[in-house]
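The numbering used here numbers the first residue of the sequence shown as 5 and each following residue consecutively.
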Amino acid sequence: VYVRGDMDGRFQISAEEPDSYKWADYYDGDKRRAEDEVQKGVTRGLPAVILRPARVYGPFSRTFITRPLQFLGRSQFVLAGAVDAPASMVYVDNVVGAIIRALECDPSVVGEAFLISDPDQLSWREFYEYFAAGSGATLRIDREFAPSQTDERAPGLVRRWGTGLKEVVMSPEFRGLAKKCVQTDPIGVWPRRLWEDVPTFRRRVQKMLRIDDAVVYRPAPVVAPSPLLFWTEAPAVNIDKARRRLGYEPLVGQARAMELTRQWAQYARLIAK
Numbered sequence: 005v006y007v008r009g010d011m012d013g014r015f016q017i018s019a020e021e022p023d024s025y026k027w028a029d030y031y032d033g034d035k036r037r038a039e040d041e042v043q044k045g046v047t048r049g050l051p052a053v054i055l056r057p058a059r060v061y062g063p064f065s066r067t068f069i070t071r072p073l074q075f076l077g078r079s080q081f082v083l084a085g086a087v088d089a090p091a092s093m094v095y096v097d098n099v100v101g102a103i104i105r106a107l108e109c110d111p112s113v114v115g116e117a118f119l120i121s122d123p124d125q126l127s128w129r130e131f132y133e134y135f136a137a138g139s140g141a142t143l144r145i146d147r148e149f150a151p152s153q154t155d156e157r158a159p160g161l162v163r164r165w166g167t168g169l170k171e172v173v174m175s176p177e178f179r180g181l182a183k184k185c186v187q188t189d190p191i192g193v194w195p196r197r198l199w200e201d202v203p204t205f206r207r208r209v210q211k212m213l214r215i216d217d218a219v220v221y222r223p224a225p226v227v228a229p230s231p232l233l234f235w236t237e238a239p240a241v242n243i244d245k246a247r248r249r250l251g252y253e254p255l256v257g258q259a260r261a262m263e264l265t266r267q268w269a270q271y272a273r274l275i276a277k
C-alpha cells in the first residue's frame, strides 16, 4: 500500500476521477512521480494500492495540530483564505483503518488510487475554534489578506524560511550534531584548531548559539512571537470510491477524534485545560 501523504490544497480533485490533478509545484509533482513508479511496479506484477489521505490530523500532527496550537495558545494564530470552507481533515486512526482495508482488499482494485478523508467535516474556522474554546485563546481571522503572486501558497516565505533556519540552528539537536562533528576525526580537526586558536571566532559562535549563557533552571523570558498566518483553501474531496471499492469507513467518529486530539494537546501543554 503506497500512502501518498497530506493533501495540501494545491490541486483540485474531481469526485470520481482522483487522477484529474492540476499540479502547482514540485512538491505535488514529486508525489505524483512516486505514484507513477508504483504503477510501473503494478505492470510488473506488484500488488499495490495507492491511498491519498486528505489533511491528516491527530496527536503529533505538526502541520495541522502541533504548530497551529502552539500559536493558538498565545492567541497568535491567524486564519486567512477560505476559513468557512470544509477543512478536509482525516483523523490519523482512520488513515490506519484505510491502510488495513487496502491490505485486505479484493485483487480487482490493485493499481487503483483512493482518496481518504472523514465523511463529516468542520470548516477551518470551526476546527480551530474547537481547540480555542475553553482554553482562553482567541482565534484570529484575517479576511483582507491575499497571497502574493510570487508565492500564492506561502505568505512571507523568506521570513518563514529565516525563522525556520533559526529554529534549526538554535535547537539542541543541531548543537549536538555540531559537537559530535567537532569531536570526530578527521572531520573535526580544522574546526577544533579554529575554535582553539581564534578566540574572537569562538566568542562570536558562543554568543550566536547562546552556548555561553549560564544554566539557570527557570522559565525563559516571554517574548511576543510573530503571528502564524495560516492560509486555507477548499479542495473538493470525495470518498465515495473508497467506500464503494475498499469498504472504507472511519474507525473513529468526528466527535471522538476531536476530543482525543484536544486531550493530547492539553497533555502536551499546547493549549490550556
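A virtual CB, placed ideally from N, CA and C, is assigned to each residue, including glycine. Computed from a predicted model, the values in this text were never measured in an experiment.
Put simply, the backbone Cα of residue 147 is about 48 Å away from that of residue 185.
If you draw a 10 Å sphere on the C-beta of residue 111, you find fewer than 16 other C-beta atoms in it, and that means exposed.
Put simply, of 272, 141, 233 the residue whose alpha carbon is nearest the alpha carbon of residue 85 is 233.
The Cβ atoms of residue 104 and residue 55 do not sit closer than 8 Å to each other.
The count of Cβ pairs closer than 8 Å, one atom from the region 114-131 and one from the region 48-64, reaches three, so the stretches are in contact. By the C-beta density criterion, residue 198 is exposed, having fewer than 16 other C-beta atoms within 10 angstroms. For the pair residue 98 and residue 239, the CB atoms are not nearer than the 8 Å cut-off. Close CB contacts of residue 75 within its chain, under the 6 Å cut and outside five residues either way in sequence, are with 81, 232 (chain order). Its chain contains 186 as the residues whose beta carbon lies nearer than 7 Å to that of residue 196, once the 5 sequence neighbours on both sides are disregarded; these appear in chain order. About 6 Å separates the beta carbon of residue 236 from that of residue 87, a gap short enough to meet the 8 Å contact definition. According to the DSSP assignment, residue 57 belongs to the beta strand (DSSP E) that extends over 54-57. Around the CB of residue 91, 16 or more other CB atoms lie within 10 Å, so the residue is classed as buried.
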